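Student: Got a structure for you, questions after.
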DNA sequence: TCACAAAACAGAATATTTTTCGATTATTCA
DNA sequence: TGAATAATCGAAAAATATTCTGTTTTGTGA
């Protein structure tokens, strides 16, 4: 599952996860290499799946999706069957941008992005709470986003 | 702050936030338009800041950063001064990929990505708990990532 | 409804970037 | 050391992005 990455790969990955519009030429210059190895390495990293995908990051406020909510969800039972139903349902909800199964006093922590409180209310009542097996939902509303990045430390 | 977006813009944004390697030609074909308007619209959306940036998404497991932790942080006081110190400190920590100021029984919810438990222990003791004003830290460990996307609903 | 202005659009040119390819250099391992 | 493999380089070819010119559509006010 884990793959060996050398220092040059690491430099390339750090650049790409920060700004994927960099051209091969620009990357080559930044890491003091010629075009070919940069090209070959990036293609290899994409091929191997180290780079999963390239995406555009949008400005939520400008698009009028202004409310982020974290919801702690507890299921009636922690059986594989109940979890599986929940997992499948969550993946289909576009409002849910992150869903993690966690240790501790609840089962799942969800990150939900919606337009406003009305939209969240509707989501909560019509979609989240109607998923089979959901027992408890405890929500926290984001008042201010301090930091948000897709860049992981290498 | 909010900007008006028509249906064509919306289609383009949905495509770009899913896969930014699509060429203008491919996008043009998908939304039944010629190259020029697609080009002009994308450049406008970038210019306006609706598209904030383009990034590569990396595979955490392959890179050996296998532990995700959510930490609820409470400060000694909720004054502007204490918050400001915390905000600045958090922005400088590469382990913290998300930080939100939330309503409820604690002040901040952090998402932290590290290599393993040892790395988290070190981060907790050396970095997070040493930030001035931090009073309580309550951590939840991710056992399984069910969903993770950067795509927001439009 | 008409005239006008502004915006959106199409197609062709030019410039830039990506991709491919053969040759050279470095590295690894017996 | 020597052979085999991998990595790198430079240049040409292909694909894409960008720019430009002209046309069509849309919206507005008289």
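Chains as they are written, first to last, in my numbering: chain F, 237 to 390; chain E, 237 to 390.
The beta-carbon is built from N, C-alpha and C at its ideal position, and this holds for glycine as well.
Treat the numbers as computed from the prediction; the structure is a model and nothing was measured.
#1: DSSP three-state label for residue 389 of chain E, please.
#2: Comparing C-alpha positions only, which one of F/292, F/298, F/336 sits nearest to residue 237 of chain E?
#3: Only counting the same chain, and skipping five residues up and downstream in sequence, which positions put a Cβ closer than 7 Å to that of residue 291 of chain F?
#4: Any idea if residue 304 of chain E is buried or exposed, counting beta-carbon neighbours within 10 angstroms, 16 or more meaning buried?
#5: Could you pull the start and end residues of the alpha helix (DSSP H) that residue 358 of chain E belongs to?
#6: Where DSSP assigns a beta bridge to residue 304 of chain E, which residues make up the other side?
#7: Assuming residue 338 of chain E and residue 309 of chain F are in contact, meaning their beta carbons sit under 8 Å apart, how far apart are those beta carbons, in whole angstroms?
#8: Round the Cβ separation of residue 327 of chain F and residue 383 of chain E to the nearest angstrom and send it over; I've been treating them as touching at under 8 Å.
#9: Output the distance between the C-alpha atoms of residue 274 of chain F and residue 324 of chain E, rounded to the nearest integer angstrom.
#10: Between the beta-carbon of residue 375 of chain F and the beta-carbon of residue 272 of chain F, is there less than 7 Å?
#11: Please report the straight-line C-alpha distance between residue 361 of chain E and residue 345 of chain F, rounded to a whole angstrom.
#12: What is the rounded straight-line gap between the Cα of residue 259 of chain E and the Cα of residue 241 of chain E?
#13: Does any C-beta atom of chain E lie closer than 7 Å to the C-beta of residue 317 of chain F?
#14: Decide yes or no for the touch test of the segment 315-323 of chain F against the segment 277-294 of chain F: beta carbon pairs closer than 8 Å, at least 3 of them.
#15: When the Cα atoms are used, what is the spatial distance from residue 283 of chain E to residue 256 of chain F?
#16: Using a beta-carbon distance cut-off of less than 7 Å, what residues from the segment 360-384 of chain F approach chain E?
#17: When DSSP labels each residue in this structure, what does residue 379 of chain F get in the three-state scheme?
#18: Could you compute how far the alpha carbon of residue 266 of chain F sits from the alpha carbon of residue 356 of chain F?
#19: Ignore the nearest five residues each way along the sequence and tell me which others in residue 247 of chain E's own chain have a CB closer than 6 Å to its CB.
#20: Give the DSSP-derived three-state secondary structure of residue 367 of chain F in the structure shown.
#21: Mind checking if residue 290 of chain E is an interface residue toward chain F, Cβ cutoff 7 Å exclusive?
#22: Please look up how many angstroms separate the CB atoms of residue 388 of chain E and residue 294 of chain F, rounded, as I've assumed it's under 8 Å.
#23: Is there at least one Cβ from chain E nearer than 7 Å to residue 256 of chain F's Cβ?
#24: To be precise: take each residue of the segment 270-291 of chain E, compare its Cβ to all Cβ atoms of chain F, and keep it if any distance is under 8 Å. Which residues remain?
#25: Are the C-beta of residue 323 of chain F and some C-beta of chain E separated by less than 7 Å?
#26: What residues from the segment 333-345 of chain F come within 9 Å of chain E, judged by C-beta to C-beta, listed N to C?
Tutor: This is what the structure holds:
#1: Correct three-state label for residue 389 of chain E: coil.
#2: The shortest C-alpha separation from residue 237 of chain E is found at F/298.
#3: The beta carbon of residue 291 of chain F sits closer than 7 Å to no other beta carbon from its chain once the five residues preceding and following it are set aside.
#4: Buried: at least 16 other Cβ atoms inside 10 Å.
#5: Unbroken alpha helix (DSSP H) run through residue 358 of chain E: 353-358.
#6: Under DSSP, the beta-bridge partners assigned to residue 304 of chain E are E/349.
#7: Rounded, the Cβ-Cβ distance is 16 Å, inconsistent with contact.
#8: Yes, they are in contact, since the Cβ atoms of residue 327 of chain F and residue 383 of chain E sit about 5 Å apart, within 8 Å.
#9: Cα-Cα distance, rounded: 35 Å.
#10: In this structure, the beta-carbon distance from residue 375 of chain F to residue 272 of chain F does not fall below 7 Å.
#11: Distance between the alpha carbons of residue 361 of chain E and residue 345 of chain F: 24 Å.
#12: Going by C-alpha positions, residue 259 of chain E is about 21 Å away from residue 241 of chain E.
#13: No, because no Cβ of chain E sits closer than 7 Å to the Cβ of residue 317 of chain F.
#14: Taking 8 Å as the limit for Cβ pairs, the verdict is that the segment 277-294 of chain F does not touch the segment 315-323 of chain F.
#15: Taking C-alpha positions only, residue 283 of chain E is separated from residue 256 of chain F by approximately 17 Å.
#16: Taking a C-beta cut-off of 7 Å against chain E, the contacting residues of the segment 360-384 of chain F are 376, 377, 378, 379, 380, 381, 382, 383, 384, listed in chain order.
#17: The three-state secondary structure of residue 379 of chain F, taken from DSSP, is strand.
#18: Looking at the two C-alpha atoms, the distance is approximately 45 Å.
#19: Once the five neighbours on either side are set aside, the close Cβ partners of residue 247 of chain E are 267.
#20: Assigned with DSSP and collapsed to three states, residue 367 of chain F falls in coil, not helix or strand.
#21: Yes, because at least one Cβ of chain F sits closer than 7 Å to the Cβ of residue 290 of chain E.
#22: Rounded, the Cβ-Cβ distance is 6 Å, consistent with contact.
#23: Chain E contact via Cβ: present.
#24: Against chain F - using a Cβ distance shorter than 8 Å - the residues of the segment 270-291 of chain E are 284, 285, 286, 287, 288, 289, 290, 291.
#25: Answer yes: the Cβ-Cβ gap between residue 323 of chain F and chain E drops below 7 Å somewhere.
#26: Residues passing the 9 Å Cβ filter: 333, 334, 335, 336, 337, 338, 339, 340, 341, 342, 344, 345.
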